[in-house]
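Report on the following structure.
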Amino acid sequence: MTQIILCKRTLARAYKNIARKNSFGNSSKNKGPAIYFRSSYGILNFGFCDCFPVNWVHKMPEIIGKLMKPDGSVATELEKQVSQALVDLESSTDIKAQLRELYIVGVREIEIGNKSVIVVYVPVPQLKQFHKVQVRLVRELEKKFGGKHVLFLAKRRILPKPLRGSKKVPMKQKRPRSRTLTAVHEAWLDEMVFPAEVVGKRTRVKLDGKKLLKVHLDKAQQTNVEHKVDTFVAVYRKLTGKEVVFEFPDPIF
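For what it's worth, the working numbering labels the leading residue of the sequence shown as 1, then goes sequentially.
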């Protein structure tokens with residue numbers, strides 16, 4: 001049986017469709033999916049209906065411990081392990097209050113030579129809350145997964161550049177600056193090197209036209225992140241296709 005959760009706006013539109021077709025009911029002959037509505041009272045069951053267009057409905061999110069897959073896709077074994085590790089940390093450490101409202105939306109393992117890196121994706125609105133406990137979480141997760149480096153990144157969406165000329169398509173709203181390719185790549189760079197801060201950037205253009213991004217990190221955090229510099233370079237290249245090097249210059253004042 002297919003189960004579908006509707007938002008409030010979608011439900012209002014669905015009511016009009018229901019009234020027009022008069023096909024709402026629990027009849028066994030009705031082949032529509034089971035319809036649910038998420039409200040402040042929980043998830044309400046509205047029976048079966050066959051009058052909902054496919055593009056009106058949303059899949060029920062996959063929720064396992066501290067993991068929530070918004071698209072409803074099946075969680076991988078690694079995602080389940082990371083989720084369970086966060087649940088264990090929440091129940092046995094002094095950061096329970098900070099972790100109670102936090103959750104992750106995905107986990108990816110990236111192979112780098114003879115080792116691998118675990119990239120944990122978190123919701124953008126919760127990024128600042130994760131930063132408050134991220135140093136502790138990284139330390140505990142790296143011990144849990146045999147010393148593999150762990151990085152926390154926000155799950156960001158990149159929207160394509162609007163078309164121009166005769167191919168231009170009307171858009172409901174202007175593309176936000178935060179969802180451009182450049183903005184997302186810059187944000188990932190800042191999140192990747194946390195708790196260090198990016199204090200400067202330089203772009204070097206080689207004779208063959210290739211670009212190399214030189215990133216200057218805070219000298220005060222060198223002892224904390226210097227051993228992960230090679231990991232930062234490899235992961236950033238994997239995610240963006242760009243070459244980058246990290247430096248810790250002495251402050252000029």
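Backbone N, C-alpha and C fix where the C-beta goes; we use that ideal spot for every residue, glycine too.
> Buried or exposed: L207, going by 16 or more other Cβ atoms within 10 Å of its Cβ?
Replying inline: With fewer than 16 other Cβ atoms within 10 Å, it is exposed.
> Taking contact to mean at least 3 C-beta pairs separated by less than 8 Å, is the region 191-206 in contact with the region 219-232?
Replying inline: Counting C-beta pairs with one atom in each stretch, the region 191-206 and the region 219-232 have three or more that are closer than 8 Å, which means they touch.
>> Can you check which of these residues, L189, R164 and P160, is closest to R175 by C-alpha distance?
In response: If we check each option's Cα against that of R175, P160 comes out closest.
>> Using a 10 Å radius around the Cβ and a threshold of 16 neighbouring Cβ atoms, would you call L86 buried or exposed?
In response: Flag for L86 reads buried.
>> Please tell me whether E226 has its Cβ less than 8 Å away from any Cβ of chain B.
In response: Given the protein chain composition of this structure (a single chain), no chain B is represented.
> According to DSSP, is S23 helix, strand or coil?
Replying inline: Caution is warranted here: a pLDDT of 41 is assigned to S23, below 50, making its placement in the model unreliable, and the coordinate value is therefore given only provisionally. Coil.
>> One question on the structure: do I158 and L127 come within less than 8 Å of each other, judged by their Cβ atoms?
In response: For the pair I158 and L127, the CB atoms are not nearer than the 8 Å cut-off.
>> What does the alpha-carbon distance come out to for the pair K242 and G113?
In response: Between K242 and G113, the alpha-carbon positions lie close to 18 Å from each other.
>> Just to confirm the assignment, what range does the alpha helix (DSSP H) spanning Q231 have?
In response: Residue identity differs from the one stated: residue 231 is Thr in this sequence, not Gln. For T231, the enclosing alpha helix (DSSP H) covers residues V229 to T240.
>> Three Cβ pairs or more, each shorter than 8 Å: is that satisfied between the region 114-122 and the region 93-100?
In response: With the rule of 3 Cβ pairs closer than 8 Å, the region 114-122 does not count as touching the region 93-100.
> Do you know offhand how far K238's Cα is from W188's?
Replying inline: The alpha-carbon atoms of K238 and W188 are separated by roughly 12 Å.
> Cβ atoms of V107 and V82: under 8 Å apart, would you say?
Replying inline: Going by C-beta atoms, V82 is nearer than 8 Å to V107.
>> Can you find the residues in the same chain that come closer than 8 Å, C-beta to C-beta, to P251, ignoring five residues on each side of it along the sequence?
In response: So the qualifying residues of the chain are K219.
> Any idea if T203 is buried or exposed, counting beta-carbon neighbours within 10 angstroms, 16 or more meaning buried?
Replying inline: It counts as exposed.
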